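Colleague: Here it is: the structure, laid out below.
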Amino acid sequence: MTVEFRNTGGSPARSGTVTFATHIIGALGVDWATIRTSQPLPAPIAAGSTRSETYTVCLESWRVPLGMRVETRDVSAVWE
Numbered sequence: 001m002t003v004e005f006r007n008t009g010g011s012p013a014r015s016g017t018v019t020f021a022t023h024i025i026g027a028l029g030v031d032w033a034t035i036r037t038s039q040p041l042p043a044p045i046a047a048g049s050t051r052s053e054t055y056t057v058c059l060e061s062w063r064v065p066l067g068m069r070v071e072t073r074d075v076s077a078v079w080e
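Structural data, given as structure tokens:
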């Protein structure tokens, strides 16, 4: 999954964390669980600039029973 980060602040983002909320969806569309995973931001990101990063979001196979699928629906970032 490729995510674009835009630093609209006045100073560089030197570090931080991006969190992915991956949903396990049943065959009938029921959202059974949400698994959150975190990875580091592609820092530094200069003030007023944009940077893209590609992440691989994985779940253990035992978390996704046969007939279910996964969808990463929410992405959030915390700058430091």
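Reminder that position 2 of the sequence shown reads as 2 in UniProt numbering, one-by-one numbering, no gaps. A virtual CB, placed ideally from N, CA and C, is assigned to each residue, including glycine. In this text the structure is predicted, and so the values were computed from the model without any measurement.
(1) Do the CB positions of T19 and S76 come within less than 8 Å of each other?
(2) Three or more C-beta pairs under 8 Å: does that hold for the segment 14-29 against the segment 50-59?
(3) First and last residue of the beta strand (DSSP E) that includes G16?
(4) Is S61 helix, strand or coil when you go by DSSP?
(5) Measure the alpha-carbon distance for L66 versus G26 and round it to whole angstroms.
Modeller: Well, looking at it:
(1) S76 is positioned such that its CB atom lies closer than 8 Å to that of T19.
(2) yes
(3) 16-25
(4) helix
(5) 9 Å
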